[in-house]
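K.L.:
One structure coming up, written as C-alpha cells, with questions to follow.
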Amino acid sequence: MESQYEPVLIDNRCMVRAPFHEPRAGVEFDIVIMPKMSFGTAHHETTKQMIQYLLSTDVSGKSLLDMGSGTAVLAILARMKGAFPVSAFDNDEWAYNNALENVQSNNFADIEVLLGDSSLLAGRKYDIILANINRNILLNDIPVYRESLNAGGKLFMSGFYSEDLPLIEAKANESGLGIMSNRVENNWMAACFTL
0 MESQYEPVLI
10 DNRCMVRAPF
20 HEPRAGVEFD
30 IVIMPKMSFG
40 TAHHETTKQM
50 IQYLLSTDVS
60 GKSLLDMGSG
70 TAVLAILARM
80 KGAFPVSAFD
90 NDEWAYNNAL
100 ENVQSNNFAD
110 IEVLLGDSSL
120 LAGRKYDIIL
130 ANINRNILLN
140 DIPVYRESLN
150 AGGKLFMSGF
160 YSEDLPLIEA
170 KANESGLGIM
180 SNRVENNWMA
190 ACFTL
C-alpha cells in the first residue's frame, strides 16, 4: 500500500521520501519518489546499497547510466551529485512512466528516460553504469555493459545474492572487468567492477 510507504534515510545523507512526507532539515540529498508499482523506493537492500555506493563515489561531470532504473532514484541522486549526462532505462512501462514523473518532480528533466533493455546501449558510452536488476539479466548483459564503458569506467551491480558473486565476478572477468569492492546486507549483494 502506498499509504504505508515510509521515508528512508541512508547514511544520514540521503532521504528518499514520498511527496506527502515532509523534508527533513539538514539532509544533503532529498529525493521525492512517487511510490507506485516501480522498484526503487530505497526500502530494498539492493537499492540502499547502490545509494551507498553513489554517496561514496565521485560522479561529478561523469556520464552515467541507471540500467533497470525503476523509479529512477539512482539516476536522480547521481544528477544531484553532479553527474552529467545521465540516462535511465527500464523495460517496464510502469517504471518508465514513473521515472518520467520522478525526474520532473525532482527538477531534473535533463535526465534521459527511455523504455527498453540493454539493446538501447548500442553505440553509447558511459563513465559509470549502475545495474540493479537480477542475477540472470546481469549475467547476460555484463558483456554489453562492458562495451558501453569508457576506459577506466565503473560498473556497479546489485540485485543478486552473496552466493551468486562468484558467477557474477567470473562473467565480469571474462569481459575484462575486475572487481574493486562489494557490500552485503541480509544476503543481498552489490559489487563494483572497473574496466
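In numbering that gives the first Met the number 0, the protein residues as written are 0 to 194. Idealized CB from N, CA, C, for every residue including glycine. Here the structure is a predicted model, which is why all the values come from computation and not from measurement.
#1: Taking 8 angstroms as the threshold (C-beta atoms), are Lys61 and Asp109 in contact?
#2: Within 10 angstroms of its Cβ, does His20 collect 16 or more other Cβ (buried), or is it exposed?
#3: Do you know whose CA, among Leu113, Thr56, Gly25, lies nearest Cys191's CA?
#4: Out of curiosity, what's the CA-to-CA distance linking Ala77 and Lys124?
#5: Buried or exposed for Tyr160, please, with buried defined as at least 16 other CB atoms from any protein chain shown within 10 angstroms of its CB.
#6: With 16 as the cutoff for other CB atoms within 10 Å, does Ser157 come out buried or exposed?
#7: DSSP state of Lys170, grouped into three classes?
#8: Using the rule of at least 16 other Cβ atoms within 10 Å of the residue's Cβ for burial, across every protein chain shown, is Ser59 buried or exposed?
#9: In angstroms with no decimal places, state the Cα-to-Cα distance between Leu8 and Gly152.
#10: Strictly by DSSP, which residues pair up with Asn139?
#11: Using DSSP with H/G/I as helix, E/B as strand and the rest coil, what is Arg145?
#12: What residue ranges within the segment 85 to 161 form continuous alpha helix (DSSP H) runs of no fewer than 4 residues, ordered along the chain?
#13: Indicate the three-state DSSP secondary structure (helix, strand or coil) for Leu64 in the structure shown.
#14: In terms of residue numbering, what span does the alpha helix (DSSP H) encompassing Thr45 cover?
P.N.:
Looking at the coordinates:
#1: Against a cut-off of 8 angstroms, the Cβ pair of Lys61 and Asp109 comes out as no contact.
#2: Around the beta carbon of His20, a 10 Å sphere encloses fewer than 16 other beta carbons of the protein chains shown; the residue is thus reported as exposed.
#3: The residue with the shortest Cα to Cα distance from Cys191 is Thr56.
#4: Near 17 angstroms, if we compare the C-alpha coordinates of Lys124 and Ala77.
#5: An exposed status is given to Tyr160, since fewer than 16 other beta-carbon atoms sit within 10 Å of its beta-carbon.
#6: A residue is called buried when at least 16 other Cβ atoms come within 10 angstroms of its Cβ; Ser157 meets this threshold and is buried.
#7: In this structure, Lys170 counts as helix in the three-state DSSP scheme.
#8: Exposed: under 16 other Cβ atoms inside 10 Å.
#9: When only Cα atoms are considered, Leu8 and Gly152 end up about 28 angstroms apart.
#10: Under DSSP, Asn139 takes part in no beta bridge, so it has no partner.
#11: For Arg145, the secondary structure class from DSSP, reduced to helix, strand or coil, is helix.
#12: 92 to 104, 134 to 146, all fully within the segment 85 to 161.
#13: DSSP places Leu64 in strand when its eight states are reduced to three.
#14: Per DSSP, the unbroken alpha helix (DSSP H) holding Thr45 starts and ends at 44 to 54.
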